[in-house]
Amino acid sequence: RVTQAFARQHENAVAFGQLTIDHSRYNSAVLKTHGTFLPILELNSQIFIAVLLFVGGYRVLTPGYSTDIGDLVGFFFMANLFFSPISILGTQYNQAMTAMAGAERLFRLLDTQPEWTDVPDAQELRQVDGHVEFRNVSFSYEPGKPVLRDISFTAHPGQTIALVGQTGSGKSSIINLISRFYLPD
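Under this note's numbering, the first residue of the sequence shown is numbered 256, with each subsequent residue one higher.
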């Protein structure tokens, strides 16, 4: 609704397209790391087991070596105990990379500056006690087409006020002004 009110469909579509491209780029980088790192770790363990099988099998089957089948099985168990934590570390590394990509997107969103700035004579609220007052507040989404004209009301702490009106009469605009999503004219 806000996009339509500000007639920003094209600008928002372009911005969304750029966000989609950035998201795709981050995911591609994470998947490349994931697709490269884990297979290399798995390949290392498989090469080690193949070498262990070849050398160990040779020593078990060749007379003159004191290696028996029990020693070879023990080496296989120890190899599994050695490579299992390394595989877990690789998985955790990939999860950390995924989390960092998400955190980077979140921090970029949090660092985004609002599209508006305070007026030069704006005063900082020292103490907020729940008292809200509108004095002759006007607001328009488009210049020359006011949605609200000279609205005045006071809401005291603990008081309940109902905003009643037809669709498009400005109820949501008042709430958004109070929340400071918009600035009055």
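Glycine included, C-beta positions come from ideal geometry on N, C-alpha and C.
- Between the segment 340 to 350 and the segment 289 to 300 there are three or more C-beta pairs closer than 8 Å, enough to call the two in contact.
- Here DSSP, grouped into helix, strand and coil, assigns Val315 to helix.
- Going by C-alpha positions, Ala417 is about 28 Å away from Asp373.
- The alpha-carbon of Val328 is positioned some 39 Å away from that of Ala354.
- For secondary structure counted as the alpha helix (DSSP H) over 4 or more consecutive residues, the segment 393 to 429 holds no complete run.
- In the DSSP assignment, Pro340 falls within the alpha helix (DSSP H) that extends over 324 to 365.
- Of the other Cβ atoms in all chains shown, 16 or more fall within 10 Å of the Cβ of Val402; this residue is therefore buried.
- When the beta-carbon positions are compared, Val392 and Ile433 stay at least 8 Å from each other.
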